[in-house]
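Worksheet: the structure to be examined is printed underneath.
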Amino acid sequence: MVWHWFNVLMLRKVKHSVTLQLTIKKNMSQCFSVAHTVADVEADTRMILNALNFDTKFREMGKSGRTIIRTSNTNVIVLCVHYYKHMTHTSELWLQMGNISSVKDGRRFLPIHQLCACLSPTICKLLPAVHALTGCDTTSSLFGVGKQTVYKTLKDTHDYFSGLQSFGNIDKDEALVWA
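For the sequence shown, our numbering begins at 18 and goes up steadily by one.
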């Protein structure tokens, strides 16, 4: 049985909270308000947090659903691939990229759920660390080493990247000892 659920991330800023609108079966709608802390100000992580909150709402309703996130940022793609495994009640996770102009419809939809099915769990886990080290919004890329080269190496040999398994999970005191 396929559920025809559709939810649009409609974000309305009200100080440090965001209102999410979940549209169900086109004509019925429920609104959820989710409070965010100051640490959640970055839009990329806020989108993922909202998608995870939708998954929680799907679980509470005992249903499976589809989430569409509109973005043009590769950081959001990487985060979606990394966190999709935690979205147990989200049957489909889509990213809408591009826009509509007066001349043409340039929208593209990227099926994250299908992408994650094609990638190994190790690649999905390591992707944020590899993306950060090869250049993202906040870091520069390595000179002479492109993302495609690093991804090909990651895909072919996970062993080279095994040290990144705990990237972001290390204790601050332990990090100081290693430094």
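Note that CB positions come from ideal geometry on N, CA and C, so glycine has one too. Source: prediction; values computed, not measured.
Nonlocal neighbours in the same chain, by C-beta distance under 6 Å from residue i, ignoring five residues either side
i: R76; result: H106
i: K164; result: T151
i: F126; result: W111, Q113
Exposed unless 16 or more other CB atoms sit within 10 angstroms - verdict on residue i
i: T151; result: buried
i: V95; result: buried
i: D72; result: buried
i: I117; result: exposed
i: V167; result: buried
Bridge-paired residues (DSSP) for residue i
i: G82; result: T107
i: R87; result: Q113
i: F126; result: Q113
Spatial neighbours of residue i in its chain, beta-carbon cut-off 8 Å, leaving aside the 5 residues before and after
i: P138; result: K102
i: S89; result: M114, G115
i: G203; result: This structure leaves residue 203 out entirely; the chain is present only between 18 and 196.
C-beta neighbour in chain D for residue i, strict 8 Å
i: R125; result: The question asks about chain D, but that chain is absent: this structure has only one protein chain.
Beta-carbon proximity list for residue i, same chain, < 7 Å, skipping 5 on both sides
i: I129; result: C97, V98, Y101, L110, W111, L112
i: M45; result: In this predicted model, M45 has a pLDDT of only 45, less than 50, meaning its place in the structure is not dependable; the value taken from the coordinates is given anyway. Excluding sequence neighbours, M45 sits near nothing in its chain.
i: S119; result: none
i: F178; result: L143, V147, L171
i: L132; result: V98
Best match in the options for proximity to residue i [C-alpha to C-alpha]
i: L201; options: R87, D173, A60; result: No information on residue 201 is available, as it lies outside the stretch 18 to 196 that the chain covers here.
i: G180; options: K142, Q165, K164; result: K142
i: L144; options: F126, N92, A68; result: N92
i: H148; options: Q131, A134, K169; result: K169
Anticipated Cβ contact below 8 Å, residue i with residue j, distance rounded
i: M104; j: A68; result: 7 Å
i: M64; j: I85; result: No, M64 and I85 are not in contact; Cβ-Cβ is about 11 Å, not under 8 Å.
i: G82; j: S108; result: 7 Å
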